[in-house]
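Asker:
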Amino acid sequence: MSLETLIHEAHHTSLCYQTRRHFLHQCKTGMGAMALGAFLNGCGWSSTDGSSAEQPLRPKAPHFPGKVKSVIFLHMAGAPSQLEMFDFKPELAKMDGLPCPDSFLNGKKFAFIRGVPSLLGPQTQFNRYGESGTWLSDNLPEFRKVVDDVCLLKAVNTDQFNHAPAQLLMHCGTARLGRPSMGSWVTYGLGTENSNLPGFVVLTSGGRNPDAGKSVWGSGFLPSVYQGVQCRSEGDPVLFLKDPNGLNRDMRKASIETINRINEQSYEEYKDPEIIARIAQYEMAFKMQITVPEVMSIADEPAYIHEMYGTVPGQESFANNALLARKLVERGVRFVQLFDWGWDSHGTDPGTALDLGFIQKCRENDKAVTALLLDLKQRGMLEETLVVWGGEFGRTPMQENRDGKQNYHKGRDHHSDAFTMWMAGGGIKKGYSHGETDPIGYNAISGKVSVYDIQATILQQLGFHHEELTYPFQGRNFRLTDVFGNVIDEIIA
Amino acid sequence: MNLIEFFGRLHPVMVHLPIGILLLALTLDGVEWKNPKFQSPLNIQFILWIGSGAAIFSVLSGYALSQNGDYPIDQLEQHKRLGYITSIFFLFYAAVRNWMVSKRIGHLTLTLCGILLLITTGHKGGSLTHGEGYLYALVEPNKDQKNSTATLTDEEVKSIEDAGWVIAPIAAGDGKLRIVGFNIEGSAQQALKQLSNFPDHIEELKLSYASITNADLQSIRSLTALKKIWLDHTRASDSCIALLLELEKLNYINLTSTSVTESGIIQLKQKKPRITIYPAL
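Those protein sequence lines, which keep their order, are chains Z and H.
Residue 364 in our numbering sits at position 316 of the first sequence; the count goes up by one each step and never skips.
Residue 40 in our numbering sits at position 39 of the second sequence; the count goes up by one each step and never skips.
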């Protein structure tokens with residue numbers, strides 16, 4: 049039997065299967081696939097913008113010229129006490145030890161306070177500093193140097209009083225899991241100016257990740273290429289970035305090119321933007337093998353910089369991360385997110401006592417934060433960088449009495465109604481305080497701003513109308529600020 | 002939530018009631034002014050009294066809402082004052098309307114003032130809830146996020162990107178570009194020459210960490226629209242000062258971590274006293 053006959057017979061046999069029954073059977077699965085396709089389109093499966101899908105990190109135009117190009121968000125995980133740092137309350141000092149009035153407790157829920165706690169006066173001294181005459185506590189001796197460069201927001205409020213949901217709300221605009229983080233939104237909106245580095249880098253210190261876990265730098269329903277890349281300040285900056293033993297760079301390059309060709313074929317077939325994200329991430333990882341170790345090394349910085357920040361190369365510390373933040377932004381990274389764990393000053397042990405562990409945290413933070421602002425300023429980078437500092441909520445004016453018994457050490461419970469954050473950098477008023485709390489620092493009495501307002505203001509400074517930076521998912525457009533948020537016009541210079 | 006706060010939260014709903022009633026009265030009054038023989042089917046003065054009463058009720062609810070501190074103070078004060086003025090004005094209008102109707106100019110002035118006050122107060126209220134630029138946002142040309150490199154052809158964009166540059170549009174629709182050179186791998190001199198083909202588009206040039214010398218910089222002379230330049234962490238020295246002085250629109254120069262000396266900076270400042278300069282550290 050000739051080959052031609054065989055082919056002819058095979059073709060004939062295959063046609064025999066194309067019966068009416070087979071046709072209907074295939075239609076059945078085809079209809080299901082069409083229905084699934086329509087459903088998946090609503091889940092961001094299809095891209096509405098071909099060019100950005102193929103090059104997801106390519107720079108994109110903001111809605112209007114942004115005042116800043118980069119953001120450094122310093123998050124003090126655990127929620128630092130505003131009453132021992134920025135919000136001076138002499139009336140609270142006079143009421144120290146008195147039982148908290150019922151009016152402050154009725155209808156309120158606290159994380160740990162039960163029964164009637166005592167009021168707790170400020171555990172430090174305050175003085176006015178700078179030309180602005182801003183009140184600062186003695187826990188922040190270095191910050192006095194830069195107090196005229198920052199804008200304090202003294203009446204921030206949130207609706208969450210536990211760490212994980214409050215951190216999610218601060219960074220993702222909702223207390224629930226599954227939404228993109230602020231850094232992801234910014235990278236999605238603006239892309240990156242340096243294709244050899246991630247657009248969104250996360251650095252953690254304090255020995256633990258934030259309570260909300262890695263979701264606070266996740267990309268949610270945005271393509272995963274926009275999620276934050278966690279780097280380390282000790283050991284390898286990025287885990288699993290090095291070539292395995294026995295594999296040289298050329299072989300690695302060839303293998304990545306082959307994998308990407310296969311992925312491109314898959315993309316042609318399925319049009320899933322996640323495949324494009326994977327291609328971009330493989331390419332990025334390859335480039336990062338060279339650039340990341342160089343950028344993430346602080347050993348080459350001059351001695352005066354180490355002295356300024358209080359850095360020790362090779363250690364995991366907030367100071368090292370602050371210096372790295374400057375280096376990363378200097379190299380075009382769009383959003384640098386620092387999480388420093390250990391600010392949860394309940395007073396249950398010496399480490400969380402306001403007169404012990406908290407002071408140590410303040411000192412470490414104070415030196416590095418001040419150095420960061422001074423360093424950005426001297427390099428001309430503060431004009432184009434927005435620095436944001438804060439926790440996920442504040443602390444109560446009452447001393448914590450866990451289970452109705454006063455804690456052994458001086459500490460405060462979680463407080464969501466009024467706390468302090470600050471911003472500094474391009475387009476933000478300098479030496480200005482916005483908002484005010486009542487005489488004991490319990491409620492906001494003016495200039496109250498929400499977490500959404502902070503997010504809207506950050507996006508505004510980057511050149512976005514926060515209501516228009518959206519992504520279609522599950523049939524509607526989502527945005528960072530959900531259905532809330534107003535730009536805090538009063539703090540914009 | 003207490004009763005006053007609840008009452009305040011009704012303001013956005015209640016405020017439309019006096020607007021509708023008063024607009025009806027003003028429309029009928031306008032028609033009557035235009036055609037004095039017109040017989041209004043409704044008693045205009047009575048409508049004005051009802052509208053003024055609703056306006057006062059609306060002002061009270063607005064005052065209650067303003068107590069929660071959620072609004073920008075300046076804008077809030079403007080809207081509050083206009084609310085007071087509008088309700089008092091319409092009370093006055095209702096009182097004098099029948100007497101004023103025979104006086105043509107007085108009647109017209111009263112009607113036009115009423116329309117103006119109603120629109121202004123309503124607009125200020127809308128700005129408070131939707132944001133200040135809400136109304137004009139529809140007509141602003143740069144609202145849509147689109148690729149502003151559209152003013153360049155695909156080939157032109159490719160030629161710039163192939164040279165290693167990253168093109169970062171400054172804002173949607175304005176065609177102005179920020180060009181970033183972190184990823185230049187080949188000859189920086191060739192890459193800079195490539196940019197000289199686009200003198201009108203490039204406003205910002207970021208050469209930080211690029212492997213460039215003073216000689217390579219010669220081709221930036223043609224970038225006449227350039228406003229900002231970053232030369233930090235490059236081999237730029239005093240020899241590039243004369244070149245920088247030629248760029249008339251330049252208002253920002255970053256020279257940190259370069260070999261530019263203090264005398265070079267003094268030379269720059271003498272010739273361009275208003276320019277922002279970050280000198281070598």
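The C-beta atom is built at its ideal place from N, Cα and C for all residues, glycine as well.
The model shown is predicted, which means the values in this text are computed figures rather than measured ones.
Starting from H/L282, find everything on chain Z with Cβ-Cβ shorter than 8 Å and list it in chain order.
Answerer: To locate residue 282 of chain H, count along the second sequence from 1; it is residue 281. Within chain Z, the residues near H/L282 are Q426 and R427.
Asker: How would you list, in chain order, the residues of chain Z whose beta-carbon sits under 7 Å from the beta-carbon of H/N252?
Answerer: Counted from its first residue, the second sequence places residue 252 of chain H at position 251. Going along chain Z, no residue has its Cβ under 7 Å from H/N252, so there is no contact; the nearest lies around 12 Å.
Asker: Check whether the stretch 228-246 of chain Z touches the stretch 490-510 of chain Z, counting contact only when three or more Cβ pairs, one atom from each stretch, lie closer than 8 Å.
Answerer: yes
Asker: Excluding the 5 residues preceding and the 5 following Z/Y480 in the sequence, name in chain order all residues of the same chain whose CB lies nearer than 8 Å to its CB.
Answerer: Taking the first residue of the first sequence as position 1, residue 480 of chain Z is located at position 432. Closer than 8 Å at the Cβ level, and outside the excluded window around Z/Y480, lie S180, C199, L200 and I539.
Asker: Take the Cβ of Z/K290 as the centre, count every other Cβ of all protein chains shown within 10 Å, and call the residue buried at 16 or more, exposed below.
Answerer: Residue numbering aside, residue 290 of chain Z sits at position 242 when the first sequence is read from its first letter. With fewer than 16 other Cβ atoms inside 10 Å of its own Cβ, Z/K290 counts as exposed.
Asker: Are the C-beta atoms of Z/L200 and some chain H residue less than 9 Å apart?
Answerer: Reading the first sequence from its first residue, position 152 is the one you call residue 200 of chain Z. For Z/L200, the answer is no, since every Cβ of chain H falls outside 9 Å of its Cβ.
Asker: Tell me the DSSP secondary structure of Z/S481 in three-state form.
Answerer: Against the first sequence, residue 481 of chain Z aligns to sequence position 433. The answer is strand: DSSP assigns Z/S481 an E or B state.
Asker: How should Z/D465 be labelled, buried or exposed, when 16 other C-beta atoms within 10 angstroms of its C-beta is the threshold for buried?
Answerer: Position 417 of the first sequence, counting from 1, holds the residue named residue 465 of chain Z. It counts as buried.
Asker: Check the C-beta distance from Z/G126 over to Z/W391 and give it rounded, since I have them as a contact under 8 Å.
Answerer: Mapped onto the first sequence, residue 126 of chain Z falls at position 78. Mapped onto the first sequence, residue 391 of chain Z falls at position 343. Confirmed, about 4 Å.
Asker: What is the DSSP secondary structure of Z/C410, counted as helix, strand or coil?
Answerer: Here residue 410 of chain Z is taken as the residue at index 362 of the first sequence, counted from 1. Reduced to three states, the DSSP call for Z/C410 is helix.
Asker: Assign Z/N311 to one of three DSSP states: helix, strand, or coil.
Answerer: As a position in the first sequence, residue 311 of chain Z is number 263, starting the count at 1. If DSSP states are grouped into helix, strand and coil, Z/N311 belongs with the helices.
Asker: Return the chain-ordered list of same chain residues with a C-beta closer than 8 Å to the C-beta of H/N143, the five sequence neighbours on each side being excluded.
Answerer: The count along the second sequence starts at 1 and reaches residue 143 of chain H at position 142. Residue confidence for H/N143 is low, a pLDDT of 42 falling below 50, so the modelled location carries little weight; the figure read from the coordinates is stated next. Excluding sequence positions up to five before and after H/N143, its CB lies within less than 8 Å of the CB of A172, A173, G174 and D175, all in the same chain and listed in chain order.
Asker: Kindly indicate which three-state DSSP category Z/L122 falls into: helix, strand or coil?
Answerer: Sequence index remark: in the first sequence, residue 122 of chain Z carries index 74 (1-based). The answer is strand: DSSP assigns Z/L122 an E or B state.
Asker: With 16 as the cutoff for other CB atoms within 10 Å, does Z/G163 come out buried or exposed?
Answerer: Here residue 163 of chain Z refers to the residue found at position 115 of the first sequence. Under this definition Z/G163 is an exposed residue.
Asker: Whole-angstrom Cβ separation of H/T257 and Z/R427, contact assumed at under 8 Å?
Answerer: Position 256 of the second sequence, counted from the start, is the residue given in the question as residue 257 of chain H. Position 379 of the first sequence, counted from the start, is the residue given in the question as residue 427 of chain Z. Sure, about 5 Å apart at Cβ, within 8 Å.
Asker: Measuring alpha carbon to alpha carbon, tell me which of H/S260, H/R179 and H/T262 ends up nearest Z/P113.
Answerer: Position 65 of the first sequence, counted from the start, is the residue given in the question as residue 113 of chain Z. Taking the Cα of Z/P113 as reference, the smallest distance to any Cα among H/S260, H/R179 and H/T262 is reached at H/R179.
Asker: Would you please verify whether the beta carbon of Z/P107 is less than 9 Å from any beta carbon of chain H?
Answerer: Position 59 of the first sequence, counting from 1, holds the residue named residue 107 of chain Z. It does: the Cβ of Z/P107 has a partner Cβ on chain H nearer than 9 Å.
Asker: With C-beta atoms as the reference, is Z/G237 less than 9 Å away from Z/L517?
Answerer: The count along the first sequence starts at 1 and reaches residue 237 of chain Z at position 189. The count along the first sequence starts at 1 and reaches residue 517 of chain Z at position 469. Less than 9 Å separates the beta-carbon of Z/G237 from that of Z/L517.
Asker: Quick one: which chain H residues come within Cβ less than 7 Å of Z/G511?
Answerer: Along the first sequence, read from residue 1 onward, the residue named residue 511 of chain Z stands at position 463. Here the neighbours are A172.
Asker: Quick one: residues in its chain with C-beta nearer than 7 Å to the C-beta of H/I278, no 5 flanking neighbours on either side, listed in chain order?
Answerer: Taking the second sequence and counting its residues from 1, the one referred to as residue 278 of chain H is at position 277. Excluding residues within five positions, the ones whose Cβ falls inside 7 Å are I254, L256, I266, L269 and K270.
Asker: So, is Z/Y519 buried or exposed, given that buried needs 16 or more other C-beta atoms within 10 angstroms?
Answerer: The residue labelled residue 519 of chain Z in the question sits at position 471 within the first sequence. So Z/Y519 ends up on the buried side.
Asker: Please state if the CB of Z/Q103 and the CB of Z/F248 are separated by a distance shorter than 9 Å.
Answerer: If you number the first sequence from 1, residue 248 of chain Z lands on position 200. If you number the first sequence from 1, residue 103 of chain Z lands on position 55. No.
Asker: When the Cα atoms are used, what is the spatial distance from Z/H323 to Z/R227?
Answerer: Taking the first residue of the first sequence as 1, we reach residue 323 of chain Z at position 275. Taking the first residue of the first sequence as 1, we reach residue 227 of chain Z at position 179. The displayed chain sequence assigns Ile, not His, to residue 323 of chain Z. Z/I323 and Z/R227: Cα-Cα distance of roughly 20 Å.
Asker: Name, please, each residue of chain Z whose Cβ falls closer than 8 Å to the Cβ of H/A192.
Answerer: Translated into the one-based positions of the second sequence, residue 192 of chain H becomes position 191. At a beta-carbon threshold of 8 Å, none of the residues of chain Z lie near H/A192; the nearest stands roughly 15 Å away.
Asker: Checking contacts by CB at 9 Å: is H/I203 closer than that to chain Z?
Answerer: In the second sequence, the residue the question calls residue 203 of chain H occupies position 202. False, the Cβ-Cβ gap to chain Z never drops below 9 Å.
Asker: Report the option in Z/M429, Z/R411, Z/P445 and Z/M356 whose CA atom is closest to the CA atom of H/K207.
Answerer: For this step, residue 207 of chain H is matched to residue 206 along the second sequence. If we check each option's Cα against that of H/K207, Z/M429 comes out closest.
Asker: Whole alpha helix (DSSP H) runs in the stretch 309-351 of chain Z with 4 or more residues, listed along the chain?
Answerer: 321-343
Asker: Residues of chain H with CB under 8 Å from Z/N244, in chain order?
Answerer: Looking up residue 244 of chain Z in the first sequence gives position 196. Here the neighbours are F183 and N184.
Asker: Helix, strand or coil: how does DSSP classify H/A226 here?
Answerer: Numbered from 1 along the second sequence, position 225 holds the residue referred to as residue 226 of chain H. Correct three-state label for H/A226: coil.
Asker: Which value, in whole angstroms, describes the spacing of the CA atoms of Z/N368 and Z/E342?
Answerer: What you label residue 368 of chain Z is simply residue 320 of the first sequence in a count that begins at 1. What you label residue 342 of chain Z is simply residue 294 of the first sequence in a count that begins at 1. Between the alpha carbons of Z/N368 and Z/E342 lies a distance of about 15 Å.
Asker: Less than 9 Å separating the beta-carbons of H/T259 and H/H234?
Answerer: Here residue 259 of chain H corresponds to residue number 258 of the second sequence, with the count starting at 1. Here residue 234 of chain H corresponds to residue number 233 of the second sequence, with the count starting at 1. Against a cut-off of 9 Å, the Cβ pair of H/H234 and H/T259 comes out as a contact.
Asker: Helix, strand or coil, according to DSSP, for Z/L184 in the structure here?
Answerer: For the purposes of this step, residue 184 of chain Z is taken as residue 136 along the first sequence, with counting starting at 1. Correct three-state label for Z/L184: strand.
Asker: Tell me, please, whether the CB atom of H/R275 is closer than 9 Å to any CB atom in chain Z?
Answerer: Start at 1 with the first residue of the second sequence, and residue 275 of chain H comes out as number 274. Chain Z, which has no Cβ nearer than 9 Å to the Cβ of H/R275, makes this no.
Asker: Answer with yes or no whether the minimum CB distance from Z/E305 to chain H is below 9 Å.
Answerer: In the first sequence, counting from the first residue as 1, residue 305 of chain Z sits at position 257. No, no contact with chain H.
Asker: On the DSSP bridge list, what partners appear for Z/D388?
Answerer: Working through the first sequence from its first residue, we reach residue 388 of chain Z at position 340. Note: Z/D388 sits in a beta bridge opposite Z/M124 and Z/S253.
Asker: Along chain Z, in chain order, which residues have C-beta atoms closer than 8 Å to that of H/Y279?
Answerer: Position 278 of the second sequence, counted from the first residue, corresponds to residue 279 of chain H. Within chain Z, the residues near H/Y279 are Q426, R427 and G428.
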